[in-house]
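Quick notes on the structure that follows.
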Amino acid sequence: MSHGTSIESVSATHAAPTEGHPAHWQGVFAMSLCAFALISSEFMPVSLLTPMAADLGVSEGLVGQGIAISGLFAVLTSLSVTTLAGGMNRKTLLLGLTALMGVSGAVVAMAPGYFVYMAGRALIGVVVGGFWSMSAATAMRLVPASRLPRALAIFNGGGALATVLGAPLGSYLGTVVGWRGAFFCLVPISLLCLAWQWFSLPSLEAGRSSASARQIFGIFAALKSRPIALGMAACGAFFMGQFILFTYVRPFLETVTKVDVTTVSLALLIVGVTGFIGTLLIGRFLGPGLYRTLAVIPALLAAVALALVPFGPSLIAVLALLGVWGLLATSAPVGWWSWVATAMPHNADAGGGLMVATVQTCIAFGSTLGGVLFDAGGYGSTFVVSAAVLGAAALLAVLTARAVSGDTVD
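Mapping the sequence shown onto this note's numbering, position 174 (from 1) lands on 174, and the numbers just tick up by one.
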């Protein structure tokens with residue numbers, strides 16, 4: 001899922017880009033490729049969970065914690081990268097993060113055991129947090145203001161493509177070259193991104209003033225507002241409920257639906273394609289219907305999670321339900337970033353930073369809780385708890401709307 005890309009559109013619209021510089025379209029495409037590689041890297045364990053667990057000698061739940069550790073380090077990095085980078089040229093910093101993405105892929109691919117694997121996943125978390133926290137400002141410095149929507153569409157296209165191709169491609173590569181080979185494939189892609197950025201990005205000098213630690217953590221002051229606190233809780237519950245289930249969809253398909261790896265790849269492709277369709281359609285339901293949409297989506301996902309329990313052995317039913325899951329789950333973040341712009345119109349950058357921290361933290365908690373449940377009680381308890389958390393997300397979205405309007409959802 002491209003939870004990082006969408007935030008850029010929100011933040012960028014509030015940062016007043018200028019017309020006084022040339023367009024660097026090669027740099028935009030290079031950043032788009034980097035977004036594709038980064039999102040694919042972050043969620044690749046989802047499509048390779050079973051063979052990784054067997055090879056590393058641990059449970060699927062423990063391998064799934066690789067999503068949690070990357071989320072944790074993404075949060076820490078997103079909150080501190082501006083302070084730690086200081087006056088460093090942002091092009092240099094982006095190149096360093098891109099190189100680190102390749103190092104992460106190599107570390108995971110060569111991991112002799114579980115702890116080295118987790119160290120490699122921590123590295124990709126650093127890249128996720130650093131890259132997304134700077135990408136909006138980078139996009140605005142690459143093109144004039146009048147070209148920014150087009151540049152953001154290209155940039156976000158890399159993330160959207162990763163949601164469609166990343167998981168099924170990882171699953172397919174796992175059958176051809178093994179899960180280690182699949183992670184090794186990230187290394188040359190990272191090197192390509194590095195070379196392309198090196199030649200296409202202009203010098204990106206840091207601003208004259210850097211944020212202090214107090215300013216960075218000051219974004220949490222927004223939680224003093226009841227509507228914003230409820231909205232962030234609703235958003236967090238949505239991502240937590242989603243990743244309690246989706247992190248462990250491959251072992252569910254293999255052990256309950258009893259399908260082969262090719263069919264697993266097909267199922268993940270269906271999720272990606274319907275998700276891409278969902279991101280194209282959801283704009284029609286936002287605007288006046290924003291809060292209704294934010295409440296209905298997790299409620300429907302909760303129903304899908306519950307339905308997967310009795311219908312798990314039926315391949316046709318499972319593929320249909322996962323298609324609905326992809327349609328809803330992948331498009332919902334667009335609504336939440338729209339909510340940020342609505343709830344914090346004069347401070348969307350701080351709202352975006354708070355959203356990144358919330359989303360990554362809840363992804364980490366969700367994949368951790370899902371792993372514990374999957375190991376202890378199997379898929380049934382995992383999916384039921386996922387449904388419960390998604391139901392809570394729907395309720396919190398309704399409470400958010402009422403906190404804003406006083407009585408009605410819209």
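Virtual Cβ for every residue (Gly too), placed ideally from N, Cα, C.
Per-residue burial, residue i [other beta carbons within 10 Å of its own, 16 or more giving buried]
i	result
F199	exposed
E60	buried
S133	buried
G241	buried
A195	exposed
R141	buried
R226	exposed
F150	Looking at the sequence itself, residue 150 is Arg, so the reference to Phe does not match. Classification for R150: exposed.
A376	exposed
T163	buried
T262	exposed
S32	buried
Cα-Cα separation between residue i and residue j, rounded to whole angstroms
i	j	result
S386	V58	23 Å
T358	S40	21 Å
G87	F155	25 Å
V81	L97	11 Å
P251	S78	31 Å
A434	G125	The question about residue 434 has no answer here: the residues shown for the chain are numbered 1 through 410.
S412	G130	Shown here, the chain extends from 1 to 410; a query on residue 412 therefore has no answer.
G178	L49	12 Å
A364	G71	5 Å
A303	E205	49 Å
P202	V28	11 Å
A392	C362	14 Å
L253	G312	8 Å
A317	L294	26 Å
V404	G231	10 Å
A343	L390	22 Å
V271	L322	6 Å
V187	L56	21 Å
G102	L399	43 Å
Q360	F73	9 Å
G289	V296	10 Å
L38	I244	21 Å
S338	P112	43 Å
S209	L95	In this prediction, S209 has a pLDDT of 48, which is less than 50 and means its spatial position is unreliable; what the coordinates show is noted afterwards. Cα to Cα, S209 sits roughly 22 Å from L95.
F374	L268	19 Å
First through last residue of the alpha helix (DSSP H) which encompasses residue i
i	result
I277	V261 to L281
F311	L290 to F311
P227	R226 to F246
A35	W25 to L56
Any non-hydrogen atom of the ligand NAP closer than 8 Å to residue i Cβ
i	result
G27	You won't find the ligand NAP in this model; it holds no ligand whatsoever.
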